[in-house]
Amino acid sequence: MKKAVLALATSIAEKQVAELRKEMNARITPAEQAAQVDEATAHYQTILTKHPDAHSIVESNEYAQWLDTQPRYARSAIEAAIKAGTAEEIVEVLDSYRAARPRAAAPAPAAAPAAQGRADAAALAEKALSQAKSRTPSSLSDIPAGTQVVTDEAEAIKGMEPTALLDQMLSMSPSQRDEYINRVV
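So for the sequence shown, the working numbering puts the first residue at 151; every next one is plus one.
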């Protein structure tokens, strides 16, 4: 009889413990998930703060070429750091990549023009315009000397590619569009 009571008490206790574990897991799981999300966010934020283009770097051919130039022992460590490393390890890898392959020199960010006055703002604007790169032509028709010069706006619009015509029409005010359509039609 003692054994039966002990077995019954043990089974009841095990059921209660199982229910309590289930209840505790149900409460802990959302908290753990939130903590994991916070950790992941902090991980990516640390990396992207230092290297905002980290994803494009790791997927680039230049990165693959750089990785191939590394010794085998370093290459496996770099790959492990990128796949499952800490944010600090990934930043170190990207720093090493950047040190070996520096980016084209980007202009340093300028201070706010309002704080520098109108003269400084004009100088900054002129400097930015002088540093701005022109669009590289993708075909001969993009080169101004590659097409005939049209002096009539209506003729110029008739000879445009559909995308260029769309851009031109979108740059017009509604009254200018109506005026043009009335002239053409």
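Note that CB positions come from ideal geometry on N, CA and C, so glycine has one too.
In the DSSP assignment, glutamine 318 falls within the alpha helix (DSSP H) that extends over 312 to 321.
The three-state secondary structure of threonine 179, taken from DSSP, is helix.
Between alanine 163 and lysine 153, the alpha-carbon positions lie close to 15 Å from each other. Rounded to whole angstroms, the separation of the alpha carbons of tyrosine 223 and glutamate 238 is 20 Å.
When secondary structure is reduced to three states using DSSP, arginine 171 falls in the helix class. Pairing alanine 204 with leucine 244 gives a Cβ-Cβ distance under 8 Å. Isoleucine 178 counts as exposed, since fewer than 16 other beta carbons sit within 10 angstroms of its beta carbon.
For the pair proline 324 and tryptophan 216, the Cα-to-Cα distance works out to about 53 Å. Each residue's CA atom was taken as its position, placing histidine 201 and alanine 176 some 38 Å apart.
Annotation: the segment 182 to 248 contains the following complete segments of the alpha helix (DSSP H) (minimum length 4 residues), in chain order: 204 to 209, 211 to 219 and 222 to 234. For aspartate 302, no alpha helix (DSSP H) run applies, since DSSP gives it neither H nor E. In terms of Cβ geometry, valine 241 and isoleucine 307 do not form a close pair [threshold 8 Å].
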